[in-house]
Every structure is written in C-alpha cells, then in structure tokens.
Amino acid sequence: MPNLELHPDRLLPVDPDTRAIARQLYGTIKDLPIISPHGHTDPEWFATNANFGNAAELLLHPDHYVFRMLYSQGVPLAALGIGNPAADPRESWRLFAERYHLFRGTPSRMWLDWVFAEVFGMGVQLGAATSDLYFDTITEMLATQGFRPRALFERYNIEVIATTESPLDSLEHHATIRASGWQGRVITAYRPDPVIDPEFEGFQANLDALSALTGEDCRSWQGYLAAHRRRRAFFAEMGATSTDHGHPTAQTANLTAAESEALFAKVSSGRFTPAEAELFRAQMVTEMAAMSLDDGLVMQLHPGSFRNHNAGLFTALGRDKGADIPTRTDYVHALKPLLDRFGNEAGLSLILFTLDESAYARELAPLAGHYPCLKLGPAWWFHDSPEGMRRFREMTTETAGFYNTVGFNDDTRAFLSIPARHDVARRVDCAFLARLVAEHRIEDWEAAELAQDLTYNLAKAAYRL
Amino acid sequence: MPNLELHPDRLLPVDPDTRAIARQLYGTIKDLPIISPHGHTDPEWFATNANFGNAAELLLHPDHYVFRMLYSQGVPLAALGIGNPAADPRESWRLFAERYHLFRGTPSRMWLDWVFAEVFGMGVQLGAATSDLYFDTITEMLATQGFRPRALFERYNIEVIATTESPLDSLEHHATIRASGWQGRVITAYRPDPVIDPEFEGFQANLDALSALTGEDCRSWQGYLAAHRRRRAFFAEMGATSTDHGHPTAQTANLTAAESEALFAKVSSGRFTPAEAELFRAQMVTEMAAMSLDDGLVMQLHPGSFRNHNAGLFTALGRDKGADIPTRTDYVHALKPLLDRFGNEAGLSLILFTLDESAYARELAPLAGHYPCLKLGPAWWFHDSPEGMRRFREMTTETAGFYNTVGFNDDTRAFLSIPARHDVARRVDCAFLARLVAEHRIEDWEAAELAQDLTYNLAKAAYRL
Amino acid sequence: MPNLELHPDRLLPVDPDTRAIARQLYGTIKDLPIISPHGHTDPEWFATNANFGNAAELLLHPDHYVFRMLYSQGVPLAALGIGNPAADPRESWRLFAERYHLFRGTPSRMWLDWVFAEVFGMGVQLGAATSDLYFDTITEMLATQGFRPRALFERYNIEVIATTESPLDSLEHHATIRASGWQGRVITAYRPDPVIDPEFEGFQANLDALSALTGEDCRSWQGYLAAHRRRRAFFAEMGATSTDHGHPTAQTANLTAAESEALFAKVSSGRFTPAEAELFRAQMVTEMAAMSLDDGLVMQLHPGSFRNHNAGLFTALGRDKGADIPTRTDYVHALKPLLDRFGNEAGLSLILFTLDESAYARELAPLAGHYPCLKLGPAWWFHDSPEGMRRFREMTTETAGFYNTVGFNDDTRAFLSIPARHDVARRVDCAFLARLVAEHRIEDWEAAELAQDLTYNLAKAAYRL
C-alpha cells in the first residue's frame, strides 16, 4: 500500500526561489487561529459535545463533494447510505475507498488526506486494501474523548466559528453552549431564505411559524418586516454578526412601500408567478440591507446556484444531494436597485460571492473597487480549490485590490476538514503573494503584512468579529 | 534559412524539476497507439488507398485553421485555391509559405512543423525562400507508396479511427475497407444533423432520401424514428460506437409523443419558425438518447458554433469555409429536459463539448461531476491547443476529476497531422500532471497511472472501443 | 521608511532560464519610441505648454483608477478634492498617501511608483510619513521648465500621441500645436458619441451645434451624415487616422436608407425609446464603417461599459467618476449586420476592444482570425494590467495569432504614467514570448521579431501612422 504523507511544501510554487519566499511567508501565518465567519457546522455538536458516529456517518454521508463524485461514476446513493439507514456503513465506506482514485486532482482529496493523516494518524493511502483499516481506526478514535467536537474545536485552534440558522431556529444549541461555560466561540448567522423565498419548500407554513415565534402578524407586510427585525435582534444577541442570502440570482429591487406591500400580499397568499417570487426575493435583499444599516449585521449574498437540478433525485431524497449546479450570474444590473439606494453607505457591508468566475474581473472586482458598501467573498464552493483560489486572486486583485476582500470562508459542515480547508487557502495565498514578490510587484515586507491580513485581520474586520 | 527542429521538450513546463517529471511521464506514454474516437477523415482514402495529391491539395485546401488565418490577413480564398480549381497549387502554396510567420504561437504551426519534419523530413523552416522546396518535396513524396493512406495509418500507429457520416451515407467505403482484408480499424459515427436539423441545407430532400434508403415513411413521426433506428443499427454493424450532434445550442426537450408528432409534422412540411426548428433539434437529442439506451451508441454533443457566420462567403463558397464562430452556450438549463428523463441512467453515455470555456468550471464540470450519464469531451476546435487544453484541465479537474473526462479527440480531417495533435495533448497532459506532482497534490505513481488513462484507457472505455 | 526601488526584472517570469530570455528580449525593445495611438491626454497641455499644478491636481484628481479605490474604502470624493475646489490639495494627497497600501497588487501601484521614482526621483515609498515630502517635491518640480508638457513629451520619447475629441471640438489646440513649430506629433481622433448617442447628455443641443459648425442641416438624415463627413475630413486634416466609438454594446445594424431616415427622425426629435436609441447607435457604427471605407480612418469600438452606474454620484458629480462597470458583451450576433455588409473589405479596419474577457477566446479571436476587416485591440481599462495582458495573449494568440492584434494602447489622460504603462506592456509581452521560446513553441529569433512588432510596428501599421 502506498504511504500517505503530507508534503510540507504542498501547493507552494514549483520555482525554487519563489517556493522559498512562499515557504517563508507561510511559516509566519500557518499557526494563526482559525476565523471561520461562515459555514454550516451543526451547533448541536458543540452543545451536546457527543461523540461523532462511524467513519461513513461523519466523513461520507454529509459530504456532497464526495458522494456527488461517486454518484457521477455510477455508485447508487443508497449504497453509500444516503437516504438509506439500512446500508452497512462499512460497506458504504468500502465503495468510497475502492474509488479513491476518482478524487485525484480534486480539493476533496487534499482535505481528506489531511484529515486522515493529521487527525487520525493514518500512514497509508485510502484504497480497497485499506478500507477496513481506515473504517475501524477512524470509528474507534471517534468514540474517544479527544475526538469529541469541543476537543477538536480546541485542537483546531478555532477562535470563532459561525453556524447558519433559519429565523425559525430556536438557537437552543447556541444557548446551551453559552450556558455551558465552555469558552469556544460559536456564533450563529441569520439565513432567512426559508421565510423570504416564496418558492422554498414550506414557505407558507414558515410564515405562520415566524408569526408564532415573534408574536408579529407575518401575513401583513409590516408585521412580516417587524418579525425579521425581532429575529435579527435575537440572532445578534446570540452572537450573530452577519446575515446570509442564498438566492437563485443576485437580483435586487427597490420598490415603493405600497408596491412591496402588494407584492407581499401575493406571495403570502401562495398565488404568485415565478417572476413575482423573484421580485419578492429581490426586494427582500434591499429590505435586509435597510435593516443592516440599523442593526449592523454584515450581509452575505451567495447567488447563482440552480438548486436541486436533478429532478429524480430531488423527488426521491430531497434537497442538498449534490445536484446543485452553478449558473451564469449577472451582478451589474441585478445589484443596481439596491446600490442606487444604499451603494454609497460606508456603514453597510455587503459581501458578494459567485459561482460564475467570468464575473470576477468583469463585474465583481470593478463593483467592489468602487462602491463603499461592497466587498468580495472568497472563491466559493466549486471554486474553493487551489486553482479556483488562484484564479480569484489573479482576476480580482488588480482592480479590487486585496483590501476589498474578506479572507477565507470554509463554508462547510465537514467539521473535521476545517483546518485543511483554511490551510489550502493560506498556502495558495502565500503562493500568490510569493509570485508578486518574485516578480517584484510588491516588496517582501508588504507580502508579510498581506499574509497576516488575508489569513486573519480581514476576516475579523469584514465580519465585525 | 532557419533550421526546422522539433525540440524533444517542447510544451513541457519551464521549471527544470517539473520538466524532468513531465519528461519522464511523457516517456511512458508517447508511443502508445493512437485512439481517434472522433474525427473527419475521409473513409474513401482508406478504401481506395489512392495517393494524395499535391502539397496544397492535401495540407492547405482542406485546413480551415490555415486558410482562415490567411484570409484574415487579406489573402483571397480563390488565390489559395479554395473553390477555385483554376488556381496554380504551387502559387497558392507560396502565398501560404510567405505568410508562415502569421502562425507563430498557434497550434497550426506546431502541427504543421511536425508534419514537415517528421513526415516529410524537412530540415529548414517554411518561408518564402523554401516554398518551392517544400512544395516539390512534399508533392513528390506523396506520389510514393509509403505515403499512401494505409501506409501512413500504419506508420502512425493508429489502433482505431472513427470517421463521421450522415445517415444518408451508404458507408460503401467502410464496406470496401472491411472487404479488403486490410487490418486497419476504421469505423464510422452516426451524425444525423442533415436529417434532424430542419434548417440544414436540403433537409426536405434529405427526409425523402432517408425514406428511400430505409423503406420507412419519413414523413410520419413513427416512420422517421424507425428510420433512425434502422440506420443506427446499420452504422453499428459497420463499427460505429457513437453518434454526434452538432447543434447550434445544447438545448434539449422532453415533449410528449403527441407534441413531438405535431412538431414533426410542421418541420417536415417545411413551414416552421426558427423556434420550432430549435425545439425539434432539442427533442431529437432526447430521442437519440432514448435510442442510445437501447443500442448502446455513445452520444456526443458539439454545440455552440454559429455556422457560416460570413454571409458573403457562404453565398459564394458554401459551408465550412472557416467562418464558424463560437457563441456563449448554456448547459444547465438546456440539458435539463433530457437529464430529467435520462440523467440518472448509468447505461447512457453523453459526452459534452463546448466552445465556451466560461462553462467549464461553472457548468460542465459540476454537471459531469454529478450525473452518471455525463462525461466531458476534451478541449475542442479553437481550444484544441496548448493553452486551451491547459485551461480545460485547470478548470474541470477540481470538480469533475480526471475520470469524468474521455481522453483526446483530434476531430480533424487533416490526416497528416493526427499524430502531432495527439502528441500535443499528451505533452500538455503530462505537463499538467507534472505540476500536480511537483506541487505535491498527487503522487508520482498516480500521475503515471493517469498519463496512461488520459492517453489511452479513458478513450477506449468512454467510446466503448 | 521603506525604500522605493524599481527592480530591473519586474514582471519578468520567475523561472531563471525563462527570465533570462525575457530580459534579453526586453533589452532589445525597451527603448523604442512610444507609439500612443489612442488615449485621452489634453491637447491644451501641448498647445500652451503651461506647467502642471500641484501633485494632487495632476496625479490624484484626474485618475479614476486611484480615486475609485480610495472611495471604495470609504474616503469621500469631496475630501480628495473631486468636485470640490475648496479641498486643500495637501490634505487630499495625505488621504491618498496614508492608504497607499490599498494599491498593493494593482497596476496603479506600478504606474505610480514608476512616476515617483523615474520622473520625480523619489527614493522612499509613499506613505503617511512621506506624504508631505512627496507633495512638496512633486509640486516644486512641476513648476520647473523640465516638467512642462512638451519637455516631458520629449523626455518620454513619444513618437506620436493621439488625443480624442468630439466632432464639436474646434481642434484649436491641435492647430496651435501645429502653428507653434514644435516638432512633437500630437494628433486627434474622431469620437462622435456626443452626436451619435441619443442618450448622451445634451444630444439635442449637440445636433444643433454640429449644424452650426458644419453648415449642414443636422435635423435631416442626409445633412447629418454630410456633417459627419465634413468633420471627419477636418479631423483627418488635423492628423486623425482613427475614429472611436464608446457604445454600451457592440450592436451594429444594417438598415435601409429609408429605415435609417425614419429612425433618425425619431431620435433627433427627442422622442424615442431606449431600443430605438440602441438601434440608432448600432446603425451609426455601420455608417461610420461606410465612411471609413471612403476616407481611410481606422475604426475603434470600445463597447461594454455600463457608464455612471452609481446614480447618486452621477447626480452629484457627473460622468467619469470611477463608477463605470463592465458588462457581459456579445460580439458574434452584434457585429453580424456590419460584417454582412463590410466584413470582407480588406480596406476597412475595425479594431475591437472588450471589457468581457470571456469573449477573448470564444468570440473575438475567432472573429479576428477570420474577417479581413477585424483586428483586436489590446487588453483594455480594468484589464490593462499584467494579469489582464497575460490573459489577453493566452486567450487570443492561438486562434488570432499575433498579427491580428495592434500593439499597445495606453488609453489614458494620466500623462505622467504613459511610459510606465507602455513599459508594463513591453515587459508582459516579453514574458509571454519568453515562455513560448522556453517551451520551444517559437524560435528565439522569431520572438525577437515579434517583440519589435508588438512594441512598435503593429501599432504603426494598424493605426496607419
């Protein structure tokens, strides 16, 4: 069986002089605490501090990067245990292990190898022959004290991590964490899609639940807005410093109060066209911006995913089954209504993400390089990868600079791999900075400052942490 | 006159250590047989095994890459002998030779230099001063035994080559090849555009010809489908393992039988709108997928070319005169109807190509990295070049991996340059793999396996050869 | 304070062998005269040869690259002195100096450092501590003889520079320059947007002014066209060799004379829809092409900028305040009407620019690599940067070659930085050529020829200078 070894110079530039610069830079920031201002870990983990289950349950079932690749190569999701509790986790794991070569050249491979080597001390590569060894070793370790969520959180040197919750969430786990006396900083973020998107599953029931939760009448426009304000205040009280909006497009709107009210009457009645749903989401981005100016929550916009593209899979297994596909995304026209109203407010902070890299140099960097309220989020999702991050820097820096970006987001629920993901970003950023130094475009001391900023300072500042 | 020498390290990375890795990898695969699963060579060459004509006739007249560049710089096509049999081939060749500097930095230059040096043994660069030397040397060699099509096929170490024929083709040349006892494997591929695209020149007559050929009534929807089935079966019998679809867009449809029948009635009547033509093509991709599930032919979709963009040239000289221009191409919405019906069928294989590189990371890799029926074809046409291939790997690998790609296609009728084209792909792939090794993203033994797969195994498997 | 030193190898490739090739190439072209065929310097400078004002007035106020970045980070434009003559220039300069780190990794940083070091002899970096030193040194030097416009023009080794004027401009400054006996070649270019774009501020008044200036009745279609012809002739007489068109899109049209006349009646009446304005602009590109065929002026098309995107800023301060944002731009369909009419005219020369890099490989290179009348302008505006130029070469060369491009444009009114901008282009081109040599894709002597062509010959030829 081939050895598993993480090379200390991985992802650093191949040219020896440039690699030396990058290695030196990386050495100055590799041990900085992790700031994780946006992600999808489960607060219950940190609230109960219960041990994780077996290897398949922790590393395979929730990782859509992993099971989408296996599915693309003909492995049924049921055999992997997705939506199928009857599957034997050891057998599911074996299907994965036998096909580990499929991940060559992907970020999943790097994240997983880090977890295997650094967290579980594996010294041989995953494969058919080592499937059981892996499954048993990992599963056994997970049952021990040192592999509980809080222990890993501390071992991982996480300074702060944000989870993402619906306005309908009681935040009970966050309350439990606070009450526990544990010092780990786990905060929430306000993700109102389930009560903002008229096409979200259960939208009507969600409005009722929001009414019940807030005591506001969420069947009236003013009551609905008031309910948002209440929940945002509660989230902020529980540590939230940001909101997040995962709309199909980046469309915003700037309707009059009367128009908004009439539109809300339609969508809340359940009788609306797709265009009206889109317009309502668009208007709500602008309403959220208005509230952010009041309560200081930083906004994040994550547009451009065609969710649940695979109709058969969605019917059978529901959302988030690896079938979200990016689409071409416009920002210049889409954001104008919001920017016409709030674009010059330095007090507003709207962090833009994209799944459409063609927008980096053409739209996003020019927008963020002009409007005081805009910043650029890091390379996201399919682009959260060495090549993706490199393209992000190459296509945004010359127009937006470094200081209109916000550091790294891991955006993951794959808790075990969080340090690996931040480490990839740190390495790729150091590689990029090293090239700028080697090409005499910035000085070495400037690169050293930038490495600190990109790794730590920008995330803290941008997310008001 | 400057020497012509092909450097053994051409296209390998400049960093010495990375180059050494690439050179080593390349050494292990450079002599593997050529699998050419998609292209446009003429089966008559191999059927008759007649000698090729002169240098201009073989290397200039049919090569739209070459004459489009000359035309862009003001050389009339007639002077090059395109659509003008009266042109003196030696003079046409001279117009090309004098302007050989125009091709600096283009793949044509590399392909041609390989042909000149390796096939014809030229030791000086093409230019005004060597124009006649080239013309005479090549033309004389072409008249000899060793330069006949079958001899070159064998010298080129081609294991299998696919041509591309219309359903209306009798496949007589393929029959002749089979009957000849010659061992070269030349197969066909089913390219039904002339009988599927209502806007194709002669579509109405083509339907009649299809009726005559199959004995089916191609003026009825069922008869038309039956005719396709018959011709597909005949093509498969003659070795075909694939179909190919060169539509303006990637649009698919999933109409009911009744809707399809009504639509066919319109397009077969000759009275239809452009939107109806598009919808019919879209539905036919899905119908072809249904048939592929039955007969096992692999599908190829080559969308996104605005054919015959130059109206004047099209009127004067007809199609394929170097005036096809790529357009922005959507896949996410366009493919959904087909994918809703067949996306989860692991038995279907649909290979996607693009002329719009912005779709690589945004749409194509995510689609192929999820749907079991989808694979990604290699960098195509204008992107069949070192930079284009590099971008293809950089933008698809992290999401789709290597194993959702299908190896290289030369896609050419420029028979002489086929080994040069495969060689460029092999070099660029080895360069990419070497970088991954040098950056410690994969192990050297993995790169060695991948080099074999990308060069040989994936093409054989994906095309069921 | 950190030293300011311009490294002689800046922007050259990091690999030592490739850098040596690049350095050698660069050495052969770095001192060639500057050809500046398109830009926005003010002819009054050269006419009056008056001294420039203070540092802020010369280097900060007119540089939208600089003040947009400062604005994006919350610095009010008024504090910078933009639209606010009351601002203390020393204090404005300090706001800039304190934030000089924002420009790390941007081309502005490189251009400015060159100006600081090479023109003003500064030896320490700009920053809070050196703000006054910079302000005073620069302001004092600007008051001296050697820093007058004509002296700098000569020191900069500018062979020819084109300014850009409206048809309504009297060209008095150009006349003054000619009459002065000074040998510097300053020519104009015909930029008719103010009298072609019905949505341009003051369009109606501009038509009247054009009538007054030409004696033609610009309220009639024929008179309007005749006025253009007269002004074009006058511009040509004053040295112009080109026209320039800055439309929102690349749309062209090919209307009949009657349709054009009817459309002109609408737009000249002031009662028209946005679609009619767009169609009129589109038709006028084609009309300009017709005139170019007669008078030989080279056309430039600069489409795709959403001008004055920031509504609040536009209302307060007017156009050109750093709030122009690129948009997705189609060329394939948009140019077809013009190309259907004139595409095969080798006598026409239409230079295409883009702010949408996704069009480089997909649309622009294939178009320019086919149509005799088309050439590709260099990387423009937000892409006038090392990474932008590199992408331009990587994405256009393989299909369009080098000889369908036109050398470099500085496109700037930041006169002081013109040599720095050309120097960046020269370095990036040499870096690209060096890679092609090191990868054995072209020979070293070919790279040397290309370096001369890209730096000097292509610009002279393409702009008929």
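Protein chains in written order, with this note's numbering: chain A, 1 to 465; chain B, 466 to 930; chain C, 931 to 1395. Note that CB positions come from ideal geometry on N, CA and C, so glycine has one too.
- DSSP lists VAL763/B as the bridge partner or partners of SER707/B.
- Contacts with chain A (Cβ-Cβ distance below 8 Å) from the region 983-999 of chain C involve ARG998 and MET999, listed in chain order.
- Under the Cβ distance rule, ASN457/A does not count among the residues neighbouring chain C, no pair being separated by less than 8 Å.
- Short of 7 Å from the beta carbon of TYR65/A, and not among the five residues preceding or following it, lie these beta carbons of its own chain, in chain order: SER108.
- Taking every protein chain shown into account, the CB of GLY646/B has fewer than 16 other CB atoms within 10 angstroms, so this residue is exposed.
- According to the DSSP assignment, GLU1089/C belongs to the beta strand (DSSP E) that extends over 1088-1092.
- Looking at the DSSP output, LEU817/B bridges to LEU766/B and LEU841/B.
- In terms of beta-carbon proximity, TYR403/A lines the interface with chain C, with at least one pair separated by less than 8 Å.
- Interface annotation, GLU681/B: not in contact with chain C, CB-CB separation never under 8 Å.
- For SER676/B, the enclosing alpha helix (DSSP H) starts and ends at 668-679.
- Of all residues in the region 1268-1294 of chain C, only LEU1285, ASP1286, GLU1287 and SER1288 place a beta-carbon less than 7 Å from a beta-carbon of chain A.
- For ALA952/C, the closest C-alpha among the options PHE1133/C, TRP1375/C and ALA1081/C is that of TRP1375/C.
- Excluding sequence positions up to five before and after THR717/B, its CB lies within less than 7 Å of the CB of ALA747, VAL750, THR751, ALA799, LEU800, PRO802 and LEU803, all in the same chain and listed in chain order.
- Restricting attention to PRO967/C, VAL944/C and ASP1138/C, the CA atom closest to the CA of ALA1392/C is found in PRO967/C.
- The C-beta of SER358/A has 16 or more other C-beta atoms within 10 Å across all chains shown, which makes the residue buried.
- Minimum Cα-Cα distance from ASN1014/C among the listed residues LEU1306/C, ALA1105/C, ALA1246/C and ASN1339/C corresponds to ALA1246/C.
- In the displayed model, PHE976/C falls within a helix according to three-state DSSP.
- For chain C, the residues of the region 322-333 of chain A that bring a beta carbon within less than 9 Å of one of its beta carbons are ARG328, ASP330, TYR331, VAL332 and HIS333, in chain order.
- Residues of chain B with a Cβ closer than 8 Å to the Cβ of VAL14/A are, in chain order, PRO478, ASP480, ASP482, THR483, ARG900, ALA903 and GLU904.
- When only Cα atoms are considered, MET703/B and THR679/B end up about 16 Å apart.
- Here ALA674/B is not near LEU617/B, since their CB atoms are 8 Å or more apart.
- Annotation: the continuous beta strand (DSSP E) that includes ILE500/B extends over 499-501.
- From the listed residues ASN1274/C, VAL1228/C, PHE1236/C and MET1218/C, the smallest Cα separation to LEU778/B is found for ASN1274/C.
- GLN687/B and GLU681/B have their C-alpha atoms spaced approximately 9 Å apart.
- Beta bridge pairing from DSSP links THR870/B with LEU841/B.
- Interface annotation for the region 831-855 of chain B against chain A: PRO831, LEU832, ALA833, GLY834, HIS835, TYR836, PRO837 and LEU839, criterion Cβ-Cβ distance under 8 Å.
- Contact note: GLN1003/C reaches chain A through PRO372, TYR403 and ASN404, using a C-beta cutoff of 8 Å and chain order.
- Taking a contact to require three or more Cβ pairs closer than 8 Å, the region 500-519 of chain B and the region 536-548 of chain B do not qualify as touching.
- In the three-state DSSP reduction, ASN3/A falls in the strand class (E or B).
- Non-local beta-carbon contacts of LEU102/A in its own chain, meaning distances under 8 Å to residues more than five positions away in sequence, involve MET69, LEU70 and GLN73 in chain order.
- Per DSSP, the unbroken alpha helix (DSSP H) holding TRP686/B starts and ends at 686-702.
- For VAL160/A, the closest alpha carbon among the candidates GLU140/A, HIS370/A, GLN183/A and MET110/A is that of GLN183/A.
- For LYS266/A, the closest Cβ of chain C is not nearer than 8 Å.
- In the three-state reduction of the DSSP assignment, PRO326/A falls in the strand class.
- Any Cβ of chain B closer than 8 Å to the Cβ of PRO419/A would place that residue at the interface, and such an atom is absent.
- PRO194/A sits buried, since 16 or more C-beta atoms from the chains shown fall within 10 Å of its C-beta.
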